[in-house]
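S.K.: The structure that follows is given in the form of structure tokens.
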């Protein structure tokens, strides 16, 4: 009986260690809207959750969230700006826990404001 218990315990621990990160996925195009509540388990152990935003106009902000390894490989758990197609896009990357990429409401504001918003989400997720 003890051997069976140990085998079940080891299998449970292996499942916990092998569990991939879960992230919010989706997009929004209007300021003040959310990316929604749909989630996905990332396919790779090296994946990060990300949230990318770009101002399109005074009333529209494109926001996309999901799992990715390439975008975030050099920007773990922080926000950065990068030009994509002539537009400055703010990407925030995290792997601190499931659903760390927020699902926050798109907001107008600086990179600093966005970074603070993501940090608040990371702190809340850690509680």
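In mature numbering (1 follows the signal peptide of the UniProt record, and there is no 0), the protein residues as written are -19 to -1, 1 to 108.
Backbone N, C-alpha and C fix where the C-beta goes; we use that ideal spot for every residue, glycine too.
Computed from a predicted model, the values in this text were never measured in an experiment.
Please report how far the alpha carbon of residue 1 lies from the alpha carbon of residue 44, in whole angstroms.
M.R.: For the purposes of this step, residue 1 is taken as residue 20 along the chain shown, with counting starting at 1. For the purposes of this step, residue 44 is taken as residue 63 along the chain shown, with counting starting at 1. Going by the C-alpha atoms only, they are around 23 Å apart.
S.K.: Does the distance from the CB of residue 15 to the CB of residue 9 come in under 8 Å?
M.R.: Position 34 of the chain shown, counting from 1, holds the residue named residue 15. Position 28 of the chain shown, counting from 1, holds the residue named residue 9. In this structure, residue 9 lies closer than 8 Å to residue 15 by Cβ.
S.K.: Give me whichever residues DSSP pairs with residue 54 in a beta bridge.
M.R.: The residue labelled residue 54 in the question sits at position 73 within the chain shown. Note: residue 54 sits in no beta bridge, so no partner.
S.K.: Work out the CA separation of residue 68 and residue 106 for me, nearest whole Å.
M.R.: Taking the chain shown and counting its residues from 1, one reaches residue 106 at position 125. Taking the chain shown and counting its residues from 1, one reaches residue 68 at position 87. With a pLDDT of 49 at residue 106, under the threshold of 50, the modelled position of this residue cannot be trusted; read the value that follows with caution. Computed Cα separation, rounded: 30 Å.
S.K.: Which residues does DSSP list as the beta-bridge partners of residue 41?
M.R.: As a first step, residue 41 must be located in the chain shown, where it is residue number 60. Answer is 11, bridged to residue 41.
S.K.: Assign residue 25 to one of three DSSP states: helix, strand, or coil.
M.R.: Mapped onto the chain shown, residue 25 falls at position 44. Residue 25: coil per DSSP, three-state reduction.
S.K.: Is the beta carbon of residue 48 closer than 8 Å to that of residue 81?
M.R.: Mapped onto the chain shown, residue 81 falls at position 100. Mapped onto the chain shown, residue 48 falls at position 67. No; because the gap between Cβ atoms is not below 8 Å, this pair is not in contact.
S.K.: Keeping to the same chain, check which residues put their C-beta closer than 6 Å to that of residue 53; ignore five residues upstream and five downstream.
M.R.: Taking the chain shown and counting its residues from 1, the one referred to as residue 53 is at position 72. 29, 31 and 74.
S.K.: Per the DSSP calculation, residue 77 is bridged to which residue(s)?
M.R.: Locating residue 77 in the chain shown gives position 96, counting from the first residue. In the DSSP output, where bridge partners are listed per residue, residue 77 has none listed.
S.K.: Can you give the beta carbon distance from residue 21 to residue 6, rounded, assuming they're within the 8 Å contact cut?
M.R.: On the chain shown, position 40 is the one that residue 21 refers to. On the chain shown, position 25 is the one that residue 6 refers to. With a Cβ gap of about 5 Å, residue 21 and residue 6 count as contacting.
S.K.: Name the residue from 63, 23 and 38 whose alpha carbon lies nearest to the alpha carbon of residue 79.
M.R.: Residue mapping note: residue 79 aligns to position 98 of the chain shown, counting from 1. Here the closest residue by C-alpha is 23.
S.K.: Distance, Cα to Cα, residue 38 vs residue 12?
M.R.: Taking the chain shown and counting its residues from 1, one reaches residue 38 at position 57. Taking the chain shown and counting its residues from 1, one reaches residue 12 at position 31. Looking at the two C-alpha atoms, the distance is approximately 10 Å.
S.K.: Please go through the same chain and pick out, in chain order, the residues whose beta-carbon is closer than 8 Å to the beta-carbon of residue 50, but skip the five residues on each side of it.
M.R.: Taking the first residue of the chain shown as position 1, residue 50 is located at position 69. Result list for residue 50: 25, 27, 28 and 29, in chain order.
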